[in-house]
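The block underneath contains the structure these notes are about, expressed in structure tokens.
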Ligand code: PMV
């Protein structure tokens with residue numbers, strides 16, 4: 164029997180803009196998804212047969228990466244699904260890490276690349292931001308040129324993303340989940356339509372790119388006030404490109420009085436906001452009072468991990 168686990172992620176700055184060649188910053192959070200895997204006479208996930216709809220990521224990974232026999236897989240997760248917190252990326256990293264361990268050894272860069280392949284093939288469209296963040300387990304910068312603290316690069320077609328480690332002190336965020344799923348590809352298409360039609364949308368995306376560069380400096384300096392202001396500005400720009408909703412806005416307004424700043428995280432149209440705060444309990448209570456599901460999350464220090472559990476080889 165072996166266990167593999169990976170953290171949730173939140174995009175701090177640059178969602179959507181990353182699709183247009185801008186950098187993005189993602190942070191790993193200390194909510195985890197873990198799987199236990201053992202060889203078995205038939206393949207199962209959580210005691211049932213593997214199905215096309217419910218187990219798309221596991222199925223793709225087993226069919227395309229795993230070379231051995233049937234496996235029994237049990238999953239456990241603190242990460243709410245479809246919340247914008249990267250639950251599918253954490254699952255992809257965990258299943259790939261398990262397969263790597265069964266094949267001999269865990270290799271983080273290769274795990275990040277293969278987990279991206281799984282997510283990309285199942286979703287049709289994805290950047291490696293979520294999978295690389297979950298694999299690394301600390302803040303990352305994704306950009307289109309190699310910079311300081313380069314970790315690995317991920318290619319697809321003619322695109323190549325470079326993933327970098329960011330040194331940052333461990334900050335506390337409160338996530339406010341609307342309870343409504345965020346459907347990434349719908350929001351990506353919506354922004355793409357606006358981008359094609361409007362010069363204003365192009366300028367808005369450019370401004371998001373500038374926020375990422377300022378956000379990187381503020382994150383490295385541990386400047387909470389600066390980060391909060393940039394989060395608020397990034398949120399306004401995400402509203403302009405059309406991915407805010409009344410529920411997300413309500414949770415932002417609930418979080419703001421006790422936070423440095425807050426914003427939509429991920430694709431939007433549902434999903435979650437994140438708030439940077441020194442008063443997480445108060446912020447969480449305010450979010451809950453306005454109908455959101457709060458999670459207090461600290462920056463994670465742990466990326467994907469995989470190990471054999473006692474007894475087995
Ligand atoms: O909501 P999420 O976690 O799937 O994040 C999407 C981020 C986008 O920039 C909108 C898409 C992407 O693949 O980078």
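In the working numbering, the protein residues as written are 164 to 476. Backbone N, C-alpha and C define an ideal beta-carbon position, used for all residues, glycine too. All figures in this text were calculated on a predicted structure; none of them were measured in a lab.
**Proximity to residue 237 [Cα-Cα], best of 300, 208 and 297** = The sequence position of residue 237 within the chain shown is 74, counting from 1. Checked all of 300, 208 and 297; the closest Cα to residue 237 is 208.
**Asked** What are the boundary residues of the alpha helix (DSSP H) that includes residue 380?
**Response** In the chain shown, residue 380 corresponds to position 217, counting from 1. Taken as a continuous stretch (DSSP letters only), the alpha helix (DSSP H) holding residue 380 covers 362 to 384.
**Message:** For a quick check, are the C-beta atoms of residue 323 and residue 467 less than 8 Å apart?
**Reply:** Walking along the chain shown from the start, residue 323 turns up at place 160. Walking along the chain shown from the start, residue 467 turns up at place 304. The answer is no: Cβ separation not under 8 Å.
**Request:** Pick out the complete alpha helix (DSSP H) segments inside the stretch 194 to 264, 4 residues or longer, and give them in chain order.
**Result:** Annotation: the stretch 194 to 264 contains the following complete segments of the alpha helix (DSSP H) (minimum length 4 residues), in chain order: 219 to 227.
**Message:** Could you tell me the alpha carbon to alpha carbon distance between residue 377 and residue 188, rounded to whole angstroms?
**Reply:** Here residue 377 refers to the residue found at position 214 when the chain shown is read from its first residue. Here residue 188 refers to the residue found at position 25 when the chain shown is read from its first residue. If I take the Cα positions, the gap works out to 11 Å.
**Prompt:** For the ligand PMV, any of its heavy atoms closer than 7 Å to the Cβ of residue 351?
**Reply:** Locating residue 351 in the chain shown gives position 188, where the first residue counts as 1. At least one heavy atom of the ligand PMV is nearer than 7 Å to the Cβ of residue 351, so yes.
**Prompt:** Given a threshold of 16 other Cβ atoms within 10 Å of its Cβ, counted over all protein chains shown, does residue 475 qualify as buried or as exposed?
**Reply:** For the purposes of this step, residue 475 is taken as residue 312 along the chain shown, with counting starting at 1. With a pLDDT of only 46 at residue 475, under 50, the local geometry of the prediction cannot be trusted, and the value read off the model is given with reservation. Its Cβ having fewer than 16 others within 10 Å, residue 475 is exposed.
**Item:** Within 8 Å, strictly: CB atoms of residue 338 and residue 173
**Value:** Numbered from its first residue, the chain shown carries residue 338 at position 175. Numbered from its first residue, the chain shown carries residue 173 at position 10. In terms of Cβ geometry, residue 338 and residue 173 form a close pair [threshold 8 Å].
**Extent of the continuous beta strand (DSSP E) run through residue 437** = Translated into positions along the chain shown, residue 437 becomes position 274. 435 to 439 is the span of the beta strand (DSSP E), which, as asked, contains residue 437.
**Message:** Tell me which residues pass a beta-carbon proximity test against the ligand PMV: closer than 7 Å to any heavy atom, given in chain order.
**Reply:** A distance filter of 7 Å between CB atoms and the heavy atoms of the ligand PMV selects the following residues in sequence order: 174, 178, 179, 181, 182, 187, 247, 249, 288, 289, 290, 292, 293, 345, 347, 350, 351, 429, 430 and 434.
**Message:** Here's the rule I'm using: 16 or more other beta-carbon atoms within 10 Å means buried, otherwise exposed. How should residue 471 be labelled?
**Reply:** Counting from 1 along the chain shown, the entry for residue 471 is found at position 308. Around the Cβ of residue 471, a 10 Å sphere holds fewer than 16 other Cβ atoms; the residue is exposed.
**Request:** Leaving aside the five residues before and after residue 388 along the sequence, list all residues of the same chain whose C-beta is less than 8 Å from its C-beta, in chain order.
**Result:** Here residue 388 refers to the residue found at position 225 when the chain shown is read from its first residue. Counting only Cβ-Cβ distances below 8 Å, and skipping sequence neighbours, we find 423.
**Asked** Can the beta-carbon of residue 439 be found less than 8 Å from the beta-carbon of residue 334?
**Response** The residue labelled residue 439 in the question sits at position 276 within the chain shown. The residue labelled residue 334 in the question sits at position 171 within the chain shown. Their beta carbons are under 8 Å apart, which means residue 439 touches residue 334 by this criterion.
**Message:** Between which residues of its own chain and residue 330 is the CB-CB distance below 7 Å, once the five residues before and five after are set aside?
**Reply:** On the chain shown, residue 330 is found 167 positions in, with the first residue counted as 1. So the list reads 383, once near-sequence residues are dropped.
**Request:** From the DSSP output, in three-state form, read off residue 443 for me.
**Result:** If you number the chain shown from 1, residue 443 lands on position 280. Under the three-state reduction of DSSP output, residue 443 falls in the helix class.
**Request:** Please report how far the alpha carbon of residue 393 lies from the alpha carbon of residue 401, in whole angstroms.
**Result:** Taking the first residue of the chain shown as 1, we reach residue 393 at position 230. Taking the first residue of the chain shown as 1, we reach residue 401 at position 238. Each residue's alpha carbon lies about 12 Å from the other.
**DSSP-derived helix/strand/coil call for residue 329** = What you label residue 329 is simply residue 166 of the chain shown in a count that begins at 1. Residue state, collapsed to three classes: coil.
**Message:** Check whether the stretch 313 to 321 and the stretch 260 to 268 touch, using three or more Cβ-Cβ pairs below 8 Å as the test.
**Reply:** Below 8 Å, too few C-beta pairs join the stretch 313 to 321 and the stretch 260 to 268 to call them touching: fewer than three.
**CB-CB length for residue 313 against residue 327, believed under 8 Å** = Looking up residue 313 in the chain shown gives position 150. Looking up residue 327 in the chain shown gives position 164. Yes, they are in contact, since the Cβ atoms of residue 313 and residue 327 sit about 5 Å apart, within 8 Å.
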